[in-house]
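S.K.: Residue numbers (UniProt numbering): 1 to 164. For every residue, glycine included, the Cβ atom is placed at its ideal position computed from N, Cα and C.
1. Report the rounded CA-to-CA distance for residue 71 versus residue 77, giving the unit in angstroms.
2. In terms of alpha-carbon separation, which member of 157, 119, 138 and 128 lies closest to residue 63?
3. Taking DSSP as the reference, what is the three-state secondary structure of residue 156?
4. Taking 9 Å as the cut-off, decide whether the C-beta atoms of residue 115 and residue 61 are in contact.
5. Would residue 25 and residue 38 qualify as a contact pair, given that the criterion is a beta-carbon distance under 9 Å?
6. Please state the DSSP three-state secondary structure of residue 78.
7. Going by DSSP, which residues form a beta bridge with residue 126?
8. Bridge partners for residue 51 per DSSP, in chain order?
9. Short of 6 Å in beta carbon distance, which residues of its chain neighbour residue 103, apart from the five on each side in sequence? Order them along the chain.
10. Specify, as a first and last residue, the run of the alpha helix (DSSP H) that residue 28 falls within.
11. Report back the beta-carbon spacing between residue 109 and residue 16 to the nearest angstrom; my notes put them in contact at under 8 Å.
12. If we call anything under 9 Å between Cβ atoms a contact, is residue 106 one with residue 13?
13. Need the endpoints of the alpha helix (DSSP H) that residue 142 sits in, please.
14. Return the Cβ separation of residue 49 and residue 125 in integer angstroms, given the expectation that the two are a contact with Cβ distance under 8 Å.
15. Between the C-alpha atoms of residue 9 and residue 65, what's the straight-line distance to the nearest angstrom?
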């Protein structure tokens, strides 16, 4: 069985993802000693903390982020599981699999960077340097989670309509 070569862009995504995972664990480790005994563990829709927990709660995000990264990274190797809302031309099947595998990798890296951003801001709120999550956080997260797949799907849908 021939092993497929990794595209340089995919390699960059993997390096960015691993770097973000390392940062996800490094940031709490760096700040841990100076953290107060109580940290936000939940936020309301306005970005203000509405529930607090012990300072050990800061490790929940890196652990969750790490496992999510592993699962999503594994799924990116199986893009045939993606259900597309249009017919794929059989001659382009392999390129579509690569393309949607890449989309999942991009999403994965973006999600991990959201975890890093969220962890850092939770620490800053705990330290008292800010009172709530940045106002654009929710919009940024929604744009990432829905915008990236939408771009891929709309472009392919338009392309599939052109060839009908």
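M.R.: By the coordinates alone:
1. Position 71 of the chain shown, counted from the first residue, corresponds to residue 71. Position 77 of the chain shown, counted from the first residue, corresponds to residue 77. Roughly 10 Å between the two C-alpha positions.
2. Within the chain shown, residue 63 is the residue found at index 63, counting from 1. The residue with the shortest Cα to Cα distance from residue 63 is 119.
3. Here residue 156 refers to the residue found at position 156 when the chain shown is read from its first residue. Helix, per DSSP.
4. As a first step, residue 115 is located in the chain shown; it is residue number 115 there, counting from the start. As a first step, residue 61 is located in the chain shown; it is residue number 61 there, counting from the start. Their beta carbons are under 9 Å apart, which means residue 115 touches residue 61 by this criterion.
5. Taking the chain shown and counting its residues from 1, one reaches residue 25 at position 25. Taking the chain shown and counting its residues from 1, one reaches residue 38 at position 38. In this structure, residue 38 does not lie closer than 9 Å to residue 25 by Cβ.
6. Residue numbering aside, residue 78 sits at position 78 when the chain shown is read from its first letter. In the structure shown, the three-state DSSP call for residue 78 is coil.
7. If you number the chain shown from 1, residue 126 lands on position 126. Bridge partners of residue 126: none, in fact.
8. Here residue 51 refers to the residue found at position 51 when the chain shown is read from its first residue. DSSP lists 42 as the beta-bridge partner residues of residue 51.
9. Counting from 1 along the chain shown, the entry for residue 103 is found at position 103. Taken in chain order, the residues that qualify are 152.
10. For the purposes of this step, residue 28 is taken as the residue at position 28 of the chain shown. Here the alpha helix (DSSP H) through residue 28 covers 8–31.
11. As a working mapping, residue 109 is identified with position 109 in the chain shown. As a working mapping, residue 16 is identified with position 16 in the chain shown. The pair is a contact, with the Cβ atoms about 5 Å apart (cut-off 8 Å).
12. In the chain shown, counting from the first residue as 1, residue 106 sits at position 106. In the chain shown, counting from the first residue as 1, residue 13 sits at position 13. Yes.
13. Along the chain shown, one-based indexing puts residue 142 at 142. For residue 142, the enclosing alpha helix (DSSP H) begins and ends at 137–142.
14. Working through the chain shown from its first residue, we reach residue 49 at position 49. Working through the chain shown from its first residue, we reach residue 125 at position 125. At roughly 6 Å, the Cβ-Cβ gap stays under 8 Å, so residue 49 and residue 125 are in contact.
15. Mapped onto the chain shown, residue 9 falls at position 9. Mapped onto the chain shown, residue 65 falls at position 65. Roughly 22 Å separates the two Cα atoms.
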